[in-house]
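Notes follow once the structure below has been shown.
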Amino acid sequence: MPGPLGKDLLGLAPLSADQIRLVLDTAVPFREISERAIKKVPTLRGATIVNLFFEASTRTRISFEFAEKRLSADTVNVASAGSSVSKGETLVDTARNLEAMKIDMVVIRHGASGAAQFLAERIESNVINAGDGTNEHPTQGLLDLLTLRNHLGDLTGRRICIVGDVLHSRVARSNIWGLTKLGAEVAVCGPRSLLPNAIGEMGVTVFDRIEEAVEWADAFNVLRLQLERMQAGYIPSLREYNRVYGVTRARLEKAPRDILILHPGPMNRGVEIDSDVADGPHSVILDQVTNGVAVRMAVLYLLAGGKPELADVAKKGGA
Amino acid sequence: MADQIVELNAGTDNLVLVGIQRRGVQLAERIVRIIKAQEGVDISSGALDITLYRDDLQTVGPRPVVGTTQLPWTLDDQRVVIVDDVLYTGRTVRAALDELADFGRPARIALAVLIDRGGRELPIHADVIGRKVEVHPGQRVDVFIEELDGRDEVLIATRDDEG
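So the protein sequences, as listed, match chains A and B. For the first sequence, the positions run 36 to 354 when the numbering used here is used. For the second sequence, the positions run 561 to 723 when the numbering used here is used.
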């Protein structure tokens, strides 16, 4: 029997509002564990988790690893460089070989959209999507939701604007799904060349000028300008981007209310966000990182497979 | 029960009450109030959620909801009294002992329960017992307390399908 989230966490699009709230509520007590002197609970003792990272990642990989270790799971990291992936082994073969070594969960980061789902349909272990191409990055979406909720309270009717390179951003997609399900109003702001054509169909407002977004929003989620994906000339230059769409203190000072500043990292200071904003009083960027560990612990906990046939036996003796 | 706890620890020095989520927490707070009224001293009380320390997590179906643990002070060299509503198999207390060990090294740990219903599966006993009752395994003990349920009551009910 699958847990309350099902077998896998592939994205926020397939989750209900109640399931999202369950993860956020569960993350709250997990945050406290990271503040203890002994930052470890025995919950996932004996479970083996493989972190399968086909793309570079520091924050997400380490955050997952902390979450796994603080729940006492055993972890193995597999990066594409230095593994048989670089010898041409397919994704499914890699995963099946790992599964033959008796693992319980796979956390996967992959450059191709849909890679996590592809894997989830082919192996028995729980699969957690840690970012697939430009599709989704559900745990980032969840930690953004948790951070926003901690600072703004109930998100119903709150106005969140996603600023920047929405086209290449899986973070943007997970944010839009999650925020709209929790009843927030969502807008995007960026050059048209960096917004998906079908953005209107996702039920979001589009601002062409950042000044309009500043006027409107309670919070900004500022996306990284993905330089490694930018060879194709989406914008004239980084300096011009900063001049037109950069989140600067001068712009935020014109806002009718304090705007909470989120950024999934890594930041390009002086491009999409200025240092005095990133380090300013309304920035919750490091809070996001702390919440990331708690949210991932909650997801691991909720996905970890229970064996219901044994549960009946346990219940007969349970208090 | 408050008297017995004070007596057991030969006073209130370094005494700390830790209630187990959920109803143990409110019971612990009540005992703190009674001791305050009688002895005039403030005793710390905290909350412990043992969900993450359960020994049956690999077997239970839908994940149990995790509550909060609040132990804002060090437990080193304290005299800790665990407070819970019902003592049955002893597995909850075992989990609580494990969790407390991660917070420090108390001078001593005692156990106070409102109801001892028998049926232990582990070598664990309570030091302070509100009431001892013999209950068949097929029956359930429900404790209701004012703060959470709007009334103070203990019911012994026949188990319909699950506890």
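Beta carbons are placed, not taken as given, at the ideal position from N, Cα and C, and that holds for glycine.
Check: Threonine 572 of chain B CB to nearest chain A CB: under 8 angstroms?; Outcome: no
Check: Nearest-angstrom Cα distance between glycine 225 of chain A and glutamate 246 of chain A?; Outcome: 11 angstroms
Check: Quick one: grab the DSSP three-state call for methionine 36 of chain A.; Outcome: With a pLDDT of 49 at methionine 36 of chain A, under the threshold of 50, the modelled position of this residue cannot be trusted; read the value that follows with caution. Three-state result, methionine 36 of chain A: coil.
Check: Taking 8 angstroms as the CB-CB limit, is valine 601 of chain B close to chain A?; Outcome: no
Check: For leucine 229 of chain A, write down the residues that DSSP places opposite it in a beta bridge.; Outcome: None; leucine 229 of chain A has no bridge partner.
Check: Looking at the secondary structure, which residues open and close the alpha helix (DSSP H) in which arginine 131 of chain A lies?; Outcome: 126-135
Check: Return the chain-ordered list of same chain residues with a C-beta closer than 7 angstroms to the C-beta of alanine 147 of chain A, the five sequence neighbours on each side being excluded.; Outcome: Asp167 and Gly168
Check: Please determine if the stretch 44-60 of chain A and the stretch 307-321 of chain A are in contact, where contact requires at least 3 C-beta pairs separated by less than 8 angstroms.; Outcome: no
Check: When you compare each of A:Val221, A:His298 and A:Val241 to serine 228 of chain A by their alpha carbons, which one comes out closest?; Outcome: A:Val241
Check: So which residues of chain B does isoleucine 73 of chain A contact, with C-beta pairs closer than 8 angstroms?; Outcome: Asp662 and Phe663
Check: From the beta carbon of glycine 352 of chain A, is the nearest beta carbon of chain B less than 8 angstroms away?; Outcome: Confidence at glycine 352 of chain A is low in this model, with a pLDDT of 40, below 50, so the placement of that residue is unreliable and no value is reported for it.
Check: Straight-line CA distance for phenylalanine 88 of chain A to asparagine 112 of chain A?; Outcome: 8 angstroms
Check: Judging by CA-CA distance, which residue of B:Glu567, B:Leu674 and B:Leu682 is the nearest neighbour of glutamate 599 of chain B?; Outcome: B:Glu567
Check: So, for alanine 607 of chain B: in the same chain, excluding its five sequence neighbours on each side, which residues have a beta-carbon less than 7 angstroms away from its beta-carbon?; Outcome: Gly579, Gln581, Val585, Thr628, Thr629 and Gln630
Check: Would the beta-carbon of alanine 254 of chain A be found less than 7 angstroms away from any heavy atom of the ligand FAD?; Outcome: Questions concerning the ligand FAD fall outside what the structure shown contains, since it holds no ligand whatsoever.
Check: Compute the beta-carbon to beta-carbon distance between proline 299 of chain A and valine 206 of chain A, rounded to the nearest angstrom, for a pair I have assumed lies under 8 angstroms.; Outcome: 5 angstroms
Check: Aspartate 200 of chain A and glutamine 261 of chain A - do their beta-carbons sit closer together than 8 angstroms?; Outcome: yes
Check: Alpha carbon to alpha carbon, what distance is there between threonine 325 of chain A and arginine 184 of chain A?; Outcome: 14 angstroms
Check: Got a sec? Which residues, its chain only, sit under 7 angstroms from phenylalanine 99 of chain A by beta carbon, not counting five neighbours each side?; Outcome: Asn86, Val142, Ala165 and Arg331
Check: Less than 8 angstroms between the CB atoms is what I'm expecting for glycine 650 of chain B and leucine 682 of chain B, so what's the real figure, rounded?; Outcome: 4 angstroms
Check: Measure the Cβ-Cβ separation of leucine 177 of chain A and valine 58 of chain A and say whether it is below 8 angstroms.; Outcome: yes
Check: Mark arginine 677 of chain B as exposed unless 16 or more other C-beta atoms lie within 10 angstroms of its C-beta, in which case mark it buried.; Outcome: buried
Check: Here's the rule I'm using: 16 or more other beta-carbon atoms within 10 Å means buried, otherwise exposed. How should serine 310 of chain A be labelled?; Outcome: exposed
Check: Could you work out which residue in A:Asn303, A:Ser51, A:Arg94 and A:Ala254 is closest to arginine 274 of chain A when comparing CA atoms only?; Outcome: A:Asn303
Check: Given that aspartate 687 of chain B touches chain A, what residues does it touch there, using C-beta distances under 9 angstroms?; Outcome: Neighbours of aspartate 687 of chain B on chain A: none; closest Cβ ~19 angstroms, over 9 angstroms.
Check: What residues from chain B crowd round valine 76 of chain A, counting only those whose CB sits closer than 7 angstroms?; Outcome: Leu612 and Tyr613
Check: Whose C-beta lies closer than 8 angstroms to the C-beta of isoleucine 234 of chain A among residues of the same chain, with five residues either side of it excluded?; Outcome: Val201, Val223 and Val241
Check: Flag glycine 627 of chain B as yes if its beta-carbon sits less than 8 angstroms from any beta-carbon of chain A, otherwise no.; Outcome: yes
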